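Take 1 as the starting number for the sequence shown in the UniProt record's numbering and just add one per residue.
Don't be surprised by glycine CBs; every beta carbon is placed ideally from N, CA and C.
For clarity, every value in this text was computed on a predicted model and none was experimentally measured.
Read through the structure below, which is laid out as C-alpha cells, and then see the notes.
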Amino acid sequence: MLSRWDGDARADLKAVVVLRDGQLAAQRYYNGNDAQSLHDIRSAGKSVTALLAGIAADRGRLRFDQPAARCLPGAGQALAGARVSDLLSMRSGLDADDENPQSPGNEDRLDEAADPVAFALSAPRREPPGTRYAYNSLTAYLAGLCVEGATGQPLDAFADAHLFAPLGIAHWRWQRDAGGHAKGQGNLSLRAGDFARIGQMALDDGRWQGREIVRADTLRAILAPRARIGAVDPYADEYGYMWYRKRLRVGAGEVPVAFASGNGGNKLYLVPSLRMVVAIQSSAYGRGYGQRRSQDILRALLGAAPTRADGTEKSR
C-alpha cells in the first residue's frame, strides 16, 4: 500500500513506519531517505518535551499544577498565576500566537532573538492564564526551560538519560538556540523507526520492553484533552499537554487518535483501538498539503487494517 506514494511528484515525503501490536507491520522510505536517516520532525518535538516534563514529574522534580515561575528563574509578573500545565496546554495567557505575525511572542521573533531566554521571559501578558488556547512555540520553549530548571540538567541531556537511552535511541540531534538551550518547541531530528518507538512506548502506557519510562497516570494526564481546538485546527479536535486528539472518520465509524504534529506533515499517530502506531516524516515545510497527505496516509492504513476503525472485522 505504501508504494502508492512512490511517484509523488512533490518529492518531499520521507518515511512511513507502521507498528501493530508492538511489531513492525510496514515501512517505506522515499526520496533519498532510509532507515538510518535523521529527519527534523519540527513541532512534533513539542510532544517529546511534554513527555520529558512528565518524566521530571515522575521523579518529583516538578508538578503539572505548580506555578511555572518556580522552575523558571527570572520569570516576571506576566507569568504570575500561570502553572506548568498552562504552558503545556498553550493557555499561558502570554501574548504569544504563532498564527498572528503581529503577536509579540510569535515564533519568528523568538527564533530571531539574540537572547531567547530573556525574550521568552519578557513576553507580555494578554489575558489570565488558563483562559484561551493559542498555539505558539514560546510557551513550549518555556516548558523546556522549566524541565531544565527543575532537573538541573540541559533538556537534551535529560532526554538522553531518561527517554532516548532507555528506548535504545542512540542517534538523534536536537537543535540548540543562540543561548545553547535545546529547543523545547521542536527541531528534534530522529530516525523514523525511533520516532515510532516513542509512539509505541506512549501507546503501551509509558512502558518499553517491560520497563516503565513514564508512569501510566502521568501519560494519561499528558494525553487527556485540555482544550477544544477544532474551530481553529482542521486536523485536530482537542489539545492535551502538547499532544493532539481527533476522532477520525473512516468508513462507517470513527477512530480516536492521539498524535504529535510538526510542520510539513510530520506525524506520530497513536491508534489505541487498532493497537497501531504510525510515524510519518515529511519535509513539506510551510506547505499545507503536507498535513493533508499525512492524514490521507493514516486514513488509508486504517481502512486497510484487519480490524476496521468501527470495530468490525473486514472480510477477506
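Three-state secondary structure assigned by DSSP to residue i
i	result
TYR244	strand
ASP111	helix
LYS183	coil
SER315	Summary for SER315: the model assigns pLDDT 38, below 50, so the residue's position carries little reliability, and this model does not support an answer.
VAL257	strand
VAL232	coil
ARG249	strand
ASP40	strand
SER89	coil
Limits of the unbroken alpha helix (DSSP H) element including residue i
i	result
GLY199	192 to 203
VAL117	116 to 121
LEU155	155 to 159
Residues that residue i bridges to, as DSSP identifies them
i	result
ASN266	GLY262
GLU148	The partner list for GLU148 (beta bridge, DSSP) is empty, contrary to what the question assumes.
ILE280	VAL16, LYS267
ARG207	GLU212
LEU94	ARG125
ALA227	TYR239
Assigned exposure category for residue i - 16 Cβ within 10 Å defines buried
i	result
GLN23	exposed
GLU238	buried
GLY180	exposed
ALA279	buried
ASN266	buried
GLY144	buried
ASN136	buried
Residue interval of the beta strand (DSSP E) (run including residue i)
i	result
ARG173	172 to 174
TYR289	It is not in any beta strand (DSSP E) - TYR289 instead sits in the alpha helix (DSSP H) that spans 289 to 304.
ALA134	Run containing ALA134: none; DSSP gives neither H nor E here.
ALA25	23 to 29
Heavy atom of the ligand ADP within 7 Å of residue i beta-carbon
i	result
GLY74	Among the ligands in the structure shown, none appear at all, so the ligand ADP cannot be discussed.
- Counting only runs that start and end within the stretch 51 to 84, where is the beta strand (DSSP E) found for 3 or more residues in a row? Correct list: empty.
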